[in-house]
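S.K.: To start, I am sharing the structure in question, which I have written as structure tokens.
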């Protein structure tokens, strides 16, 4: 069985490390591609389109990043998806803290599936939410 593939977009090395740790501790087996900001993420998708490769199953997107932040990425990603429907995939927005304005803005994009705290109660809670969005159980065999 093919492992699901996630794209983790976050400029903070520590946050990326912790999120990958949550995924392994929470028993979600998956491949993880990484980008440090929205510019890298858009280039990643342009590369997928050029090579006719499938989009990842889900994007985990930080909002506060240099160069091209999360909201700006969502705006440009929406245009890319209109031009190249094969690039379309769901997005879970990573939040360091609850911010109603961020939620309101991000919810305007059809592909945003929800929000995920960077500080969950447990790794299991974190991975279960991701697993629900990619249609998987979280148990390793």
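Residue numbers (the numbering used here): 76 to 216. Ideal Cβ placement from N, Cα and C applies to all residues, glycine included.
Looking only at its chain, what residues have a beta carbon closer than 7 Å to the beta carbon of residue 133, apart from the 5 residues adjacent to it on each side?
M.R.: Working through the chain shown from its first residue, we reach residue 133 at position 58. Cβ within range, chain order: 81, 164, 165, 167, 205, 208, 209.
S.K.: May I have the straight-line CA-CA distance separating residue 83 from residue 101, to the nearest angstrom?
M.R.: Looking up residue 83 in the chain shown gives position 8. Looking up residue 101 in the chain shown gives position 26. Their backbone Cα atoms lie some 16 Å apart in a straight line.
S.K.: Let me check one thing: in DSSP terms, what residues is residue 166 bridge-paired to?
M.R.: In the chain shown, residue 166 corresponds to position 91, counting from 1. Under DSSP, residue 166 forms a beta bridge with 134, 187.
S.K.: DSSP on residue 198, reduced to helix/strand/coil?
M.R.: As a working mapping, residue 198 is identified with position 123 in the chain shown. Shown here, residue 198 sits in a helix according to DSSP, grouped into three states.
S.K.: For residue 153, does the three-state DSSP call read helix, strand or coil?
M.R.: Taking the first residue of the chain shown as 1, we reach residue 153 at position 78. Helix, per DSSP.
S.K.: Following the continuous beta strand (DSSP E) through residue 80, name the residue where it begins and the one where it ends.
M.R.: On the chain shown, residue 80 is found 5 positions in, with the first residue counted as 1. Residue 80 -> beta strand (DSSP E) spans 80-84.
S.K.: Report the CB separation of residue 191 from residue 152 in whole angstroms; it is logged as a contact under 8 Å.
M.R.: As a first step, residue 191 is located in the chain shown; it is residue number 116 there, counting from the start. As a first step, residue 152 is located in the chain shown; it is residue number 77 there, counting from the start. Their Cβ separation, rounded to whole angstroms, is 17 Å, which puts residue 191 and residue 152 out of contact at 8 Å.
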